[in-house]
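Beneath this line is the structure, given in structure tokens, with notes to follow.
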DNA sequence: CCTTTAGTTCGATGTGTGTCAACATAGACA
DNA sequence: TGTCTATGTTGACACACATCGAACTAAAGG
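Protein chains in written order, with full-length UniProt numbering: chain C, 1 to 120; chain A, 1 to 120.
Shown next, in the form of structure tokens:
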């Protein structure tokens with residue numbers, strides 16, 4: 001892989017998904033796409049897992065650090081998979097442990113989706 | 001209590017619910033409360049209804065204006081009820097029609113929940 | 001009373017959640 | 001190399017909950 005892409009490219013208005021909720025009525029497709037992300041955070045267990053990862057050092061944590069949410073380990077794995085499928089997390093195996101980390105861009109986009117809606 | 005506090009008090013950091021996701025791991029109760037709101041927006045139909053209301057004039061709309069989302073009227077009523085129960089909407093009967101309006105404070109709080117998480 | 005608008009009840013169907021068991025991967029050690 | 005242990009993931013199943021529409025009820029207005 002080439003190292004030609006060295007631009008800092010810090011977009012302040014990331015928008016990988018959809019327009020702000022208050023800008024115009026969402027189309028069916030946009031709603032479908034956006035709902036996946038909100039639905040992923042619409043479960044208490046997933047919310048706690050996500051919060052644990054986000055508040056960890058460097059925005060990443062291994063599964064062993066966040067498995068104390070009151071459900072079994074397979075259940076934790078299932079929930080992490082859903083968060084990953086929603087594009088909110090990414091995982092990486094590092095030796096024995098698997099580390100999950102948050103996707104700041106997607107998160108910021110969701111935030112703007114709401115705050116901009118409120119600003120109108 | 002004196003009325004010395006007559007400031008316009010435009011809090012940029014409304015927080016009727018829970019701390020930012022990245023500040024610390026959410027407790028079970030906080031996660032439960034927050035999940036209700038995210039789950040309410042985790043459905044395509046509800047997201048479209050909500051977006052329609054938020055993008056309407058003055059942030060409010062009557063049911064008759066937003067019933068073209070592809071489901072029957074009773075279903076629309078169900079979804080609006082859920083959004084209302086989640087604290088995202090408030091309703092008011094004005095003559096023949098019932099008007100729904102968004103709750104900007106709650107919306108802003110949800111946004112900060114996410115953006116602050118991303119900012120860490 | 002009749003029409004329009006919206007909410008409620010109720011039941012069928014679909015989707016999500018959580019657990020146990022089995023499987024995959026990585027490291028340690030003889 | 002072979003095996004043992006620790007860590008996660010996947011599959012299958014039962015259970016609970018959410019979704020949706022048909023029919024009914026309630027409220028407002030002519």
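Even glycine gets a Cβ: it sits at the ideal position worked out from N, Cα and C.
In this text, all values refer to a predicted model and were calculated from it rather than measured experimentally.
Residue from the options whose Cα sits closest to the Cα of residue i
{"i": "residue 106(A)", "options": "49(A), 97(A), 40(A), 70(A)", "result": "40(A)"}
{"i": "residue 17(A)", "options": "116(A), 110(A), 77(A)", "result": "110(A)"}
{"i": "residue 20(A)", "options": "20(C), 19(C), 22(C), 55(C)", "result": "55(C)"}
{"i": "residue 50(A)", "options": "104(C), 28(C), 66(C), 57(C)", "result": "28(C)"}
{"i": "residue 68(C)", "options": "52(C), 22(C), 103(C), 102(C)", "result": "52(C)"}
{"i": "residue 58(C)", "options": "57(A), 66(A), 22(A)", "result": "22(A)"}
Short Cβ contact (8 angstroms threshold) for residue i with residue j
{"i": "residue 37(A)", "j": "residue 86(A)", "result": "yes"}
{"i": "residue 89(C)", "j": "residue 100(C)", "result": "yes"}
{"i": "residue 24(A)", "j": "residue 26(C)", "result": "no"}
{"i": "residue 91(A)", "j": "residue 84(A)", "result": "yes"}
{"i": "residue 115(C)", "j": "residue 115(A)", "result": "yes"}
Interface partners of residue i on chain C, CB under 7 angstroms
{"i": "residue 65(A)", "result": "Within 7 angstroms Cβ-Cβ: nothing; residue 65(A) doesn't reach chain C, min ~10 angstroms."}
Distance cut-off 7 angstroms: residue i Cβ against heavy atoms of the ligand GTP
{"i": "residue 25(C)", "result": "In the structure shown, the ligand GTP is absent, as is every other ligand, since no ligand is present at all."}
Per-residue contacts from residue i into chain A (C-beta, under 8 angstroms)
{"i": "residue 32(C)", "result": "44"}
Listed by chain order, chain A residues near residue i by CB distance under 7 angstroms
{"i": "residue 25(C)", "result": "48, 51, 52, 55"}
Contact set between residue i and chain C, taken where Cβ atoms lie within less than 8 angstroms
{"i": "residue 115(A)", "result": "107, 108, 111, 112, 115"}
Interface partners of residue i on chain A, CB under 9 angstroms
{"i": "residue 81(C)", "result": "Simply none; closest approach about 17 angstroms."}
Proximal residues of chain C, C-beta to C-beta of residue i below 9 angstroms
{"i": "residue 39(A)", "result": "38, 39, 41, 42, 43"}
{"i": "residue 88(A)", "result": "Under the 9 angstroms cutoff, chain C gives no residues; its nearest Cβ is about 10 angstroms from residue 88(A)."}
Inset, instruction - At 4 residues or longer, and completely inside the region 50 to 104 of chain A: list those alpha helix (DSSP H) runs for me, N to C. - result: Here the runs fully enclosed are 73 to 85.
Legend entry - contact_flag[the region 56 to 66 of chain C, the region 89 to 106 of chain C] where n(CB pairs < 8 angstroms) is 3 or more: Touching, yes, given that three or more Cβ pairs across the two stretches are closer than 8 angstroms.
Inset, instruction - Answer yes if the region 42 to 54 of chain A comes into contact with the region 28 to 36 of chain C, meaning at least three C-beta pairs across the two stretches below 8 angstroms, and no otherwise. - result: By the C-beta criterion, the region 28 to 36 of chain C is judged to be in contact with the region 42 to 54 of chain A, since at least 3 inter-stretch pairs fall below 8 angstroms.
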